[in-house]
Each structure stands twice: as C-alpha cells, then as structure tokens.
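Visitor: I'd like to ask you about the structure that follows.
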Amino acid sequence: MNRYHTIQLGGLFFLLFVGISSITAQDIHYSMYYNSTQNINPALTGLFCDECFYANMRNQWRSVPVDYLTLTGAYERKIRLKKDDPKGFFGVGATFNYDIAGDSKLATSNLNLSGAYTYVLNKKQYLSGGINLGVTQRTFKTDGLIFEDDFDDSKWQITGGTAEAFPNTDVVNFDVGAGINWAYADPLTRDQYYLGVGAFHLNQPSTAFLQGYTNEVKLPVRLAISANAIKPLTETLDVIGTALAQFQGPHQEVLVGLHGRYHLNSEPTRELALQIGTNWRLNDAVGVPAFAVLWKQWEIGGTFDLNISDFTEATKQRGGPEFYVKYCVRPVPDKSYCKMCPKLL
Numbered sequence: 001m002n003r004y005h006t007i008q009l010g011g012l013f014f015l016l017f018v019g020i021s022s023i024t025a026q027d028i029h030y031s032m033y034y035n036s037t038q039n040i041n042p043a044l045t046g047l048f049c050d051e052c053f054y055a056n057m058r059n060q061w062r063s064v065p066v067d068y069l070t071l072t073g074a075y076e077r078k079i080r081l082k083k084d085d086p087k088g089f090f091g092v093g094a095t096f097n098y099d100i101a102g103d104s105k106l107a108t109s110n111l112n113l114s115g116a117y118t119y120v121l122n123k124k125q126y127l128s129g130g131i132n133l134g135v136t137q138r139t140f141k142t143d144g145l146i147f148e149d150d151f152d153d154s155k156w157q158i159t160g161g162t163a164e165a166f167p168n169t170d171v172v173n174f175d176v177g178a179g180i181n182w183a184y185a186d187p188l189t190r191d192q193y194y195l196g197v198g199a200f201h202l203n204q205p206s207t208a209f210l211q212g213y214t215n216e217v218k219l220p221v222r223l224a225i226s227a228n229a230i231k232p233l234t235e236t237l238d239v240i241g242t243a244l245a246q247f248q249g250p251h252q253e254v255l256v257g258l259h260g261r262y263h264l265n266s267e268p269t270r271e272l273a274l275q276i277g278t279n280w281r282l283n284d285a286v287g288v289p290a291f292a293v294l295w296k297q298w299e300i301g302g303t304f305d306l307n308i309s310d311f312t313e314a315t316k317q318r319g320g321p322e323f324y325v326k327y328c329v330r331p332v333p334d335k336s337y338c339k340m341c342p343k344l345l
C-alpha cells in the first residue's frame, strides 16, 4: 500500500471514530417529538390518557452508506389513589429506545422508567413534576471496519487479517432525569397549551469503551424545553403550534411546527380528524409534510425530512422518513358535561 492510500485510509478511520464519539455524545431525536413525550419530559408521563401505548420509527440519511435507524416503544398510564380525586393523580411509564448507525454498527439500547405527579391547580390548569431512571447499553462491532493491515500490499485486496484488538465493545451505564410541566386545557373547548422543561443525564454517565477514560467521555446533560398550543378556529378546524429547543454540551437543536387539524366527527368515542402541517429543524431539515389521522383511540402519522444543512452534498436533501402509531384509552365523557381530557396533539 502506498503512502497516499495509507493516509487516505487513516483519515477515513479517524472520521469514522469521530462520528462515533459524536453520536455517543448526543441523544436520539425525532422531528415529531410530541409523539414520544417521555423522551422529552418525564413530567408528561400519564398526563394525557388513562392508558397509552406508542411506537416511533425514524430512518435517517438512507441515501448515504452510513444511515442510521431509531426505534422507540413506550407505555404509560394514569393512577389515581382515590377515585375522582380533585387534587391530582400519578403517572407511571416505561420507554425503550434503540438506535444503530455507522459501519461499526454502533448500537444504543436504552430502557427508562418514568414517574410523575400532576397537581390540579383548578379546572383548567395542571402542574406536573416527574423523574426517570434508566439503564443504557452501547455496543459496536468490528466486522465492518477496515484497518491498514487488512490489506495485502502486493495484491491490493482485503485479507481480513488485522491485528487490531478491542478488549471492550460493550458499555453499560445508569441514568437519571427530571422535569416539570404546566398544562392548560379548557373543559368546554379544545383550547390547550403546554410548557415544560426536561433535564436528562443529570448524573452525566460515562460512555467510554476503554478503561481509564471514564472521566473524559461523559454524556452531557440534555435540557429539553417544549411548548405546544392547540387553538380552535371554528367548530371543525384547529391550528396547532409546536416548539422544542434542546441543548446538550456543544450541540443544540431547535424545532418549530405549524399544523392544521380538521375534525370530521367530534362525537365522543367516534372521533375522526385529519391533521397536516410541517416541522422545521432550524438550519438542518424541513419535514414536509407532517401528517396524522386520529380515529377513536388510535393515531397514526408520519413525515419525511428534507435536508437543508451542509450535508446536502451527500444526502441530496433526502433526510429520511419517520412514522408513529399511538393507542390511547380515555374516559368516556358525560354527555351532560363533556369535559375534555388534556391531549397533546
């Protein structure tokens, strides 16, 4: 192998592991983040439904060789110690996240348990606080990696005989997070507003694969500030605004969204609505369109990101698809007084 190829291969190897360290320093993210609420704020656990199941999938940068896949599955429920307790209620939940990316198949498996308490300020306002405890496993494989001594110098072919050794390809850490949220929901209209802050990795767990580097490679605290608003314009049309700002070490992410929801049927237990809009990740991507169908207790929707960042040379502006499905159990309201359960999007 000549000097040029050695330098080129070394550069690619360096970029690969720079990418790996960058991934380990950041969390997963969704454009339709409002459908993965426990990943944004543990205080939202059990707030919106008596019982809820949801799943998310995102496949980003499919047009480049090192795309990555993110999957989430979650469950949560509301718990009242006393039936019809006017003072408040508890929420418990669990979230499983899985993320895999790169030639090294760097995979992150994360299980979080969340708990929250919501205090009823009055008939329209709610104040919630929550915590989450999690465990995360990170692994990578060397099968897809190519090193300098993998090559036969005389034949310019890969022999697969590298002497590189990786004593540890698996790391496990524990995690702690907390959050607070304020919610407003008018029981006689569809007016709903939410504002909250979630903080994750408060203990800053180590993500180092090599011993001796546990103090140098820590997962920074992630701060997530979210706000959402639903405003009915007519009896059948709502306008919805969403916003999320996340900060983690040197990284930051800002998403804003605008959606319209048309109610085809508002009768309790027979609800049917269509929603369409767009989500914009500042200086990075635009989700066009973001759509959803809400039918009875079910929600299903998706979006496709158009990449507008400097990475467009590789992605050809194709960020990737994202989908979600949700099933929520809500109490059937009394027809004489149709009180609406707070419902995030």
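All residue numbers for the sequence shown refer to the numbering used here, where the first residue is 1 and numbers rise by one. The beta-carbon is built from N, C-alpha and C at its ideal position, and this holds for glycine as well.
Indicate the three-state DSSP secondary structure (helix, strand or coil) for residue 70 in the structure shown.
Guide: Along the sequence shown, one-based indexing puts residue 70 at 70. Here residue 70 sits in strand by DSSP.
Visitor: Rounded to the nearest angstrom, how far is the Cβ of residue 144 from that of residue 175, given a contact under 8 Å?
Guide: By 1-based counting over the sequence shown, the position of residue 144 is 144. By 1-based counting over the sequence shown, the position of residue 175 is 175. About 28 Å; that fails the 8 Å criterion.
Visitor: In this structure, how does DSSP classify residue 37 when only helix, strand and coil are distinguished?
Guide: What you label residue 37 is simply residue 37 of the sequence shown in a count that begins at 1. Three-state DSSP puts residue 37 in a helix.
Visitor: Do residue 207 and residue 171 count as a contact pair if the criterion is CB distance below 8 Å?
Guide: The sequence position of residue 171 within the sequence shown is 171, counting from 1. The sequence position of residue 207 within the sequence shown is 207, counting from 1. Going by C-beta atoms, residue 171 is nearer than 8 Å to residue 207.
Visitor: Going by DSSP, what residue range makes up the beta strand (DSSP E) through residue 118?
Guide: Position 118 of the sequence shown holds residue 118. It spans 106-120 - the beta strand (DSSP E) in which residue 118 sits, taken as one unbroken run.
Visitor: Starting from residue 266, trace the beta strand (DSSP E) in both directions and tell me its first and last residue.
Guide: On the sequence shown, residue 266 is found 266 positions in, with the first residue counted as 1. Where residue 266 is concerned, there is no enclosing beta strand (DSSP E), given that its DSSP letter is neither H nor E.
Visitor: Excluding five sequence neighbours on each side, which residues of the same chain lie with their C-beta closer than 6 Å to the C-beta of residue 275?
Guide: Here residue 275 refers to the residue found at position 275 when the sequence shown is read from its first residue. Contacts found: 259, 261 and 292.
Visitor: Can you look up residue 188 in the DSSP assignment and give me helix, strand or coil?
Guide: In the sequence shown, counting from the first residue as 1, residue 188 sits at position 188. Note: residue 188 maps to coil in three-state DSSP.
Visitor: CB-CB under 8 Å to residue 271, same chain, minus the five flanking residues each way: which ones, in chain order?
Guide: Position 271 of the sequence shown holds residue 271. Taken in chain order, the residues that qualify are 263, 265, 294, 295 and 296.
Visitor: Closer than 6 Å by C-beta to residue 193: which residues in its own chain qualify, once you throw out the five before and the five after it? Chain order, please.
Guide: Here residue 193 is taken as the residue at index 193 of the sequence shown, counted from 1. Excluding sequence neighbours, residue 193 sits near 184 and 229.
Visitor: Leaving out the 5 sequence neighbours to the left and right, which residues in its chain are closer than 8 Å to residue 203 when beta-carbon positions are compared?
Guide: In the sequence shown, the residue the question calls residue 203 occupies position 203. So the list reads 174, 175 and 176, once near-sequence residues are dropped.
Visitor: Taking the Cβ atom as the reference point for each residue, do residue 410 and residue 28 lie within a distance shorter than 8 Å?
Guide: Because residue 410 is not part of the residues shown, which for the chain are 1 to 345, the question remains open.
Visitor: With DSSP collapsed to three states, give me the class of residue 42.
Guide: Here residue 42 corresponds to residue number 42 of the sequence shown, with the count starting at 1. The answer is helix: DSSP assigns residue 42 an H, G or I state.
Visitor: Alpha carbon to alpha carbon, how far is residue 180 from residue 121? Give it in angstroms, no decimals.
Guide: As a position in the sequence shown, residue 121 is number 121, starting the count at 1. As a position in the sequence shown, residue 180 is number 180, starting the count at 1. Cα to Cα, the separation comes out at about 14 Å.
Visitor: Can you tell me which of 221, 237 and 268 puts its alpha carbon nearest to the alpha carbon of residue 248?
Guide: Residue numbering aside, residue 248 sits at position 248 when the sequence shown is read from its first letter. The residue with the shortest Cα to Cα distance from residue 248 is 221.
Visitor: May I have the straight-line CA-CA distance separating residue 58 from residue 321, to the nearest angstrom?
Guide: On the sequence shown, position 58 is the one that residue 58 refers to. On the sequence shown, position 321 is the one that residue 321 refers to. Distance between the alpha carbons of residue 58 and residue 321 is about 6 Å.
Visitor: I need the DSSP call for residue 57, collapsed to helix, strand or coil.
Guide: Counting from one through the sequence shown, the residue named residue 57 turns up at place 57. Residue state, collapsed to three classes: strand.
Visitor: Let me know if residue 38 comes out buried or exposed under the rule of 16 or more other beta-carbons within 10 Å of its beta-carbon.
Guide: By 1-based counting over the sequence shown, the position of residue 38 is 38. Burial call: buried.
Visitor: Let me make sure I understand the geometry here. Which of 78, 250 and 100 has the alpha-carbon closest to that of residue 347?
Guide: The displayed coordinates of the chain run from 1 to 345. Any statement about residue 347 would go beyond what the structure contains.
Visitor: How many Å lie between residue 25 and residue 299 at the Cα?
Guide: Here residue 25 corresponds to residue number 25 of the sequence shown, with the count starting at 1. Here residue 299 corresponds to residue number 299 of the sequence shown, with the count starting at 1. Model confidence at residue 25 stands at a pLDDT of 44, short of 50, so the residue's coordinates are unreliable and nothing is read from them.
Visitor: By alpha-carbon positions, which one of 124, 226 and 165 ends up nearest to residue 186?
Guide: Looking up residue 186 in the sequence shown gives position 186. It is 124 whose Cα lies nearest to the Cα of residue 186.
Visitor: I'd like to check one pair, residue 112 with residue 94: are the Cβ atoms closer than 8 Å?
Guide: Within the sequence shown, the letter at position 94 stands for residue 94. Within the sequence shown, the letter at position 112 stands for residue 112. A contact, by the Cβ cut-off of 8 Å.
Visitor: By Cβ distance, which residues of its chain are closer than 8 Å to residue 31, with the 5 residues on each side in sequence left out?
Guide: In the sequence shown, the residue the question calls residue 31 occupies position 31. So the qualifying residues of the chain are 58, 255, 279, 281, 285, 287, 290, 303, 305 and 322.
Visitor: In this structure, does DSSP put residue 175 in helix, strand or coil?
Guide: On the sequence shown, residue 175 is found 175 positions in, with the first residue counted as 1. In this structure, residue 175 counts as strand in the three-state DSSP scheme.
Visitor: Would you mind working out which of 133, 178, 188 and 139 sits nearest residue 169, comparing C-alpha positions?
Guide: Position 169 of the sequence shown holds residue 169. The shortest Cα separation from residue 169 among 133, 178, 188 and 139 belongs to 139.
Visitor: Take the Cβ of residue 48 as the centre, count every other Cβ of all protein chains shown within 10 Å, and call the residue buried at 16 or more, exposed below.
Guide: Along the sequence shown, read from residue 1 onward, the residue named residue 48 stands at position 48. So residue 48 counts as buried.
Visitor: Within its chain, find whatever has a CB closer than 6 Å to the CB of residue 195; leave out the 5 residues flanking it on each side and keep chain order.
Guide: Taking the first residue of the sequence shown as position 1, residue 195 is located at position 195. Only 182 and 227 meet the Cβ criterion.
Visitor: For residue 119, which residues from the same chain have a beta carbon less than 6 Å from its beta carbon, with the 5 sequence-adjacent residues on both sides left out?
Guide: As a first step, residue 119 must be located in the sequence shown, where it is residue number 119. Counting only Cβ-Cβ distances below 6 Å, and skipping sequence neighbours, we find 88 and 127.
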